[in-house]
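Peer 1: To get my numbering, take the position in the sequence shown, counting from 1, and add 858.
Even for Gly, the Cβ is constructed at its ideal location relative to N, Cα and C.
All values reported here derive from a predicted model rather than from experimental measurement.
Before I ask anything, let me first share the structure, which is written out below as structure tokens.
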Amino acid sequence: MSGVRWDFLCSKQGLEEMEKLFSAETALVPSSSSSFHEFQEFFERYCKHRQREVQQEKEKRIRDPPQPFPCKSAQVKNNLLSFLDQLPSSYDQRYRINFSVVVQHRSRTGLTDEEVKEMKRGLIMFEDFRQRKTLNKIKKMKEGQRDLPIYAFKDQIVSAVKNNQ
859 MSGVRWDFLC
869 SKQGLEEMEK
879 LFSAETALVP
889 SSSSSFHEFQ
899 EFFERYCKHR
909 QREVQQEKEK
919 RIRDPPQPFP
929 CKSAQVKNNL
939 LSFLDQLPSS
949 YDQRYRINFS
959 VVVQHRSRTG
969 LTDEEVKEMK
979 RGLIMFEDFR
989 QRKTLNKIKK
999 MKEGQRDLPI
1009 YAFKDQIVSA
1019 VKNNQ
């Protein structure tokens, strides 16, 4: 992952490339939307965090290289290694959210595959962040409703409305 130009990704030009890449009309966060500024700030923090994380992973691989595991059958070992290569090395928060980001016009950008992956990951993380923020607002509103004096009579009011319609 050393091929990622983190400073470029966070720049205005990098964000423009991202918008081209993920289709300006159908983007999760179009530049004309009110949440674009929030996304810019989020993505800048995300890039700094990922840069540190990638550096730490690199240092860990140097410090603690992966150890081969004992296996008597070469066929079983090869199949297992092939399967393990396809799995992510660790759990990633992006697996919690169920949607995909479609890349369009890949050939029109000067981005590497790793940079495109990081941009997709950043978009997914931002959408997860927005959903959690919205959920927290809803929870707070529900708690506020429970604190109202009339909340104790909620069931009676709802049943009275249903019965008298």
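Between the beta-carbon of GLU985 and the beta-carbon of VAL862, is there less than 7 Å?
Peer 2: Residue 985 sits at position 127 when you count from the first residue of the sequence shown. Residue 862 sits at position 4 when you count from the first residue of the sequence shown. Cβ distance not < 7 Å, so GLU985 and VAL862 don't count as in contact.
Peer 1: How long is the line joining the alpha carbons of LYS991 and VAL934, rounded to whole angstroms?
Peer 2: For the purposes of this step, residue 991 is taken as the residue at position 133 of the sequence shown. For the purposes of this step, residue 934 is taken as the residue at position 76 of the sequence shown. Distance between the alpha carbons of LYS991 and VAL934 is about 46 Å.
Peer 1: Suppose the cutoff is 8 Å on Cβ atoms and the five residues either side in sequence are ignored; what does the same chain contact list for GLN1003 look like?
Peer 2: Within the sequence shown, the letter at position 145 stands for residue 1003. Once the five neighbours on either side are set aside, the close Cβ partners of GLN1003 are TYR1009.
Peer 1: Write down the C-beta distance between PHE901 and PHE987 rounded to the nearest angstrom, noting that I regard them as a contact closer than 8 Å.
Peer 2: The residue you call residue 901 lines up with position 43 of the sequence shown. The residue you call residue 987 lines up with position 129 of the sequence shown. Actually they are not in contact, since the Cβ atoms of PHE901 and PHE987 sit about 11 Å apart, beyond 8 Å.
Peer 1: GLN909 lies in the alpha helix (DSSP H); which residues open and close that run?
Peer 2: Stepping through the sequence shown from its first residue, residue 909 is reached at position 51. Segment 894 to 921, the alpha helix (DSSP H) holding GLN909.
Peer 1: Can you give the Cα-Cα distance for TRP999 and GLN989, rounded to whole angstroms?
Peer 2: Along the sequence shown, one-based indexing puts residue 999 at 141. Along the sequence shown, one-based indexing puts residue 989 at 131. Reading off the sequence shown, one finds Met at residue 999, where the question assumed Trp. Spanning the two alpha carbons is a distance of roughly 15 Å.
Peer 1: What first and last residue would you give for the alpha helix (DSSP H) that runs through ILE996?
Peer 2: Numbered from 1 along the sequence shown, position 138 holds the residue referred to as residue 996. Counting along the chain, the alpha helix (DSSP H) containing ILE996 begins and ends at 971 to 1004.
Peer 1: Just to confirm the assignment, what range does the alpha helix (DSSP H) spanning ALA1018 have?
Peer 2: Position 160 of the sequence shown holds residue 1018. 1012 to 1021 is the extent of the alpha helix (DSSP H) around ALA1018.
Peer 1: Buried or exposed for LEU873, going by 16 or more other Cβ atoms inside 10 Å?
Peer 2: As a working mapping, residue 873 is identified with position 15 in the sequence shown. The residue is buried, with at least 16 neighbouring Cβ atoms inside 10 Å.
Peer 1: Ordered along the chain, which non-local residues of its own chain (more than five positions away) have a Cβ less than 7 Å from that of ARG868?
Peer 2: Within the sequence shown, the letter at position 10 stands for residue 868. The residue asked about is misnamed: residue 868 is Cys in this sequence, not Arg. Cβ neighbours of CYS868 within its own chain (closer than 7 Å, five residues either side excluded): PHE901, GLU902 and CYS905.
Peer 1: Closest to PHE866 by C-alpha separation, out of ARG921, MET977, SER1017 and LYS1012, would be which residue?
Peer 2: What you label residue 866 is simply residue 8 of the sequence shown in a count that begins at 1. For PHE866, the nearest C-alpha among the options comes from MET977.
Peer 1: For the alpha helix (DSSP H) that GLN871 lies in, which residues bound it at each end?
Peer 2: As a working note, residue 871 is residue 13 in the sequence shown. Per DSSP, GLN871 belongs to the alpha helix (DSSP H) from 870 to 879.
Peer 1: Let me know if VAL1019 comes out buried or exposed under the rule of 16 or more other beta-carbons within 10 Å of its beta-carbon.
Peer 2: Position 161 of the sequence shown holds residue 1019. Classification for VAL1019: exposed.
Peer 1: How is VAL887 classed by DSSP in three states: helix, strand or coil?
Peer 2: For this step, residue 887 is matched to residue 29 along the sequence shown. VAL887 falls in the coil class under three-state DSSP.
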